[in-house]
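Counting in our numbering, the sequence shown tops out at residue 234, every number present. C-beta: ideal position from N, C-alpha, C; glycine also. Below is one structure, written out as structure tokens; comments come after it.
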Amino acid sequence: MTAPLLVIVPTRGRPQNAARLVQAFEDTDSLNAELVFVADHDDPELPAYHEAAPRLLIHRDGTGQGMTAALNWAAGLYDGIYDHLGFMGDDHLPRTVGWDAHVLGALDREEPSVVYGNDLLQGGALPTAAFLPSRLVRALGFMAPPVLRHLYVDNFWLELGQALGGLRYLPDVVIEHIHPAAGKVAMDARYEAVNSSEADALDRRAWLEFRHGYGFAAALRRVRDEYGAREAGL
């Protein structure tokens with residue numbers, strides 16, 4: 001029997017973070033959530049990942065360019081199996097005991113919702129870790145816009161939840177983001193690659209074109225069609 005919530009963690013070059021996250025799930029009694037890591041096929045740390053991660057998917061098309069492709073690929077594999085799908089980075093750590101029960105409580109409603117906790121960095125401003133109903137993911141056709149490689153996915157989740165009237169921020173549910181911007185970890189090659197000015201410019205342009213072009217409106221239309229305007233209050 002599967003848990004109601006699957007948390008997908010795209011990762012590269014950080015098996016120690018995978019082990020740390022597995023331990024955090026145990027420490028917070030995450031009985032309603034399961035964890036799966038998605039590593040690139042060419043990651044030199046794959047042997048260590050097999051040791052650290054009880055459940056590991058190998059993304060054959062992954063080449064370390066960003067996490068969106070791996071996230072969407074894994075979401076497509078599991079959205080018919082789990083009621084809800086979540087994303088955490090390999091630098092997130094749940095801190096609140098029973099955090100998963102709080103997340104599921106916020107997701108337990110008829111309308112489409114985007115739920116997130118307090119990452120101790122962005123707080124309510126951005127869902128750097130996010131949880132969505134599988135029904136919503138199926139309606140969208142993705143968990144994150146495929147035009148994005150790594151950045152601005154949290155902006156999408158924020159605006160999606162706002163547009164649907166289903167954004168749910170849980171300030172007392174701490175899912176800490178251990179990020180260089182918070183001064184909690186040193187910048188490494190992985191952070192530098194996905195946060196470079198070039199990478200930021202590419203994803204920012206792609207996000208703005210998606211947001212103000214046809215992409216975002218079409219995604220909302222698919223959700224409205226799935227849930228029904230009356231049911232979703234859209």
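Look at the alpha carbon of R20 and the alpha carbon of G86, and state the distance between them as a whole number of angstroms. Walking along the sequence shown from the start, residue 20 turns up at place 20. Walking along the sequence shown from the start, residue 86 turns up at place 86. Their backbone Cα atoms lie some 18 Å apart in a straight line.
Boundaries of the alpha helix (DSSP H) in which T96 is found, first to last residue: Numbered from its first residue, the sequence shown carries residue 96 at position 96. Segment: none, T96 is in no alpha helix (DSSP H) and carries neither H nor E.
Should the stretch 94-103 be regarded as contacting the stretch 149-166, the criterion being three or more beta carbon pairs within less than 8 Å? no
Return the chain-ordered list of same chain residues with a C-beta closer than 7 Å to the C-beta of D90, the five sequence neighbours on each side being excluded. Counted from its first residue, the sequence shown places residue 90 at position 90. Cβ neighbours of D90 beyond the five flanking positions: V9, T11, R14, N17, A18 and L21.
Can you check the stretch 97-181 for any beta strand (DSSP E) of at least 3 residues that lies completely inside it and give the ranges in chain order? Counting whole runs of 3 or more residues, the stretch 97-181 contains the beta strand (DSSP E) stretches 114-118, 130-133 and 167-177.
Same chain, Cβ closer than 7 Å to L220, neighbours up to 5 away in sequence not counted: Numbered from its first residue, the sequence shown carries residue 220 at position 220. Excluding five sequence positions before and after L220, the CB atoms of its chain that fall closer than 7 Å to its own CB belong to A163, given in chain order.
Report the rounded CA-to-CA distance for A125 versus F131, giving the unit in angstroms. Translated into the one-based positions of the sequence shown, residue 125 becomes position 125. Translated into the one-based positions of the sequence shown, residue 131 becomes position 131. Straight-line Cα distance between these residues: approximately 16 Å.
Would G165 be called buried (16 or more neighbouring beta carbons within 10 Å of its own) or exposed? In the sequence shown, the residue the question calls residue 165 occupies position 165. By the 10 Å Cβ count, G165 comes out exposed.
Hey, could you find the ends of the beta strand (DSSP E) T11 is sitting in? Against the sequence shown, residue 11 aligns to sequence position 11. Residue range L5 to T11 is occupied by the beta strand (DSSP E) that includes T11.
Where the alpha helix (DSSP H) through A53 begins and ends: By one-based count along the sequence shown, residue 53 stands at place 53. Neither: A53 is in no alpha helix (DSSP H) and is coded neither H nor E.
If you draw a straight line from the C-alpha of E26 to the C-alpha of D119, how long is it? Taking the sequence shown and counting its residues from 1, the one referred to as residue 26 is at position 26. Taking the sequence shown and counting its residues from 1, the one referred to as residue 119 is at position 119. Whole-angstrom Cα-Cα distance: 19 Å.
Which residue from L121, R149, D43 and P112 puts its Cα closest to that of D83? One-based indexing of the sequence shown puts residue 83 at position 83. Closest option to D83, Cα to Cα, is P112.
Given a cut-off of 8 Å, decide if R224 and L140 are closer than it, judged by their beta-carbon atoms. As a working note, residue 140 is residue 140 in the sequence shown. As a working note, residue 224 is residue 224 in the sequence shown. Going by C-beta atoms, L140 is not nearer than 8 Å to R224.
Of the listed residues A39, R60, Q122 and R168, nearest to E51 (C-alpha basis): Counting from 1 along the sequence shown, the entry for residue 51 is found at position 51. When each option's Cα is compared against that of E51, the closest is A39.
Find the nearest neighbour of A3 within the set T28, A33 and A24, judged by alpha-carbon distance. Stepping through the sequence shown from its first residue, residue 3 is reached at position 3. Comparing Cα-Cα distances from A3 to each of T28, A33 and A24, the minimum goes to A33.
Does the distance from the C-beta atom of Y49 to that of L57 stay below 8 Å? Against the sequence shown, residue 49 aligns to sequence position 49. Against the sequence shown, residue 57 aligns to sequence position 57. Result no, Cβ atoms of Y49 and L57 do not sit closer than 8 Å.
Which listed residue (D203, A201, T28 and L71) has its alpha carbon closest to that of F37: For the purposes of this step, residue 37 is identified with residue 37 of the sequence shown, where counting begins at 1. Per the Cα distances, L71.
Under the assumption that V114 contacts L167 (Cβ atoms under 8 Å), give the Cβ distance between them as a whole number of angstroms. Position 114 of the sequence shown, counted from the first residue, corresponds to residue 114. Position 167 of the sequence shown, counted from the first residue, corresponds to residue 167. So it is a contact: roughly 5 Å between Cβ atoms.
Member of I178, E198 and G117 whose CA lies at the smallest distance from the CA of L151: For the purposes of this step, residue 151 is taken as residue 151 along the sequence shown, with counting starting at 1. Out of I178, E198 and G117, E198 has the C-alpha closest to the C-alpha of L151.
Collapsed DSSP secondary structure at H212 in the structure displayed: Within the sequence shown, numbered from 1, the residue matching residue 212 stands at position 212. In the three-state reduction of the DSSP assignment, H212 falls in the helix class.
Output the distance between the C-alpha atoms of A232 and L5, rounded to the nearest integer angstrom. As a first step, residue 232 is located in the sequence shown; it is residue number 232 there, counting from the start. As a first step, residue 5 is located in the sequence shown; it is residue number 5 there, counting from the start. Bear in mind that a pLDDT of 45 at A232, under 50, signals an unreliable position, so the model cannot answer this.
Grab the span of the alpha helix (DSSP H) containing G76 for me, first residue to last. Start at 1 with the first residue of the sequence shown, and residue 76 comes out as number 76. It spans T68 to Y78 - the alpha helix (DSSP H) in which G76 sits, taken as one unbroken run.
Pull up the distance between the alpha-carbon of R95 and that of D172, whole angstroms please. Locating residue 95 in the sequence shown gives position 95, counting from the first residue. Locating residue 172 in the sequence shown gives position 172, counting from the first residue. Each residue's alpha carbon lies about 10 Å from the other.
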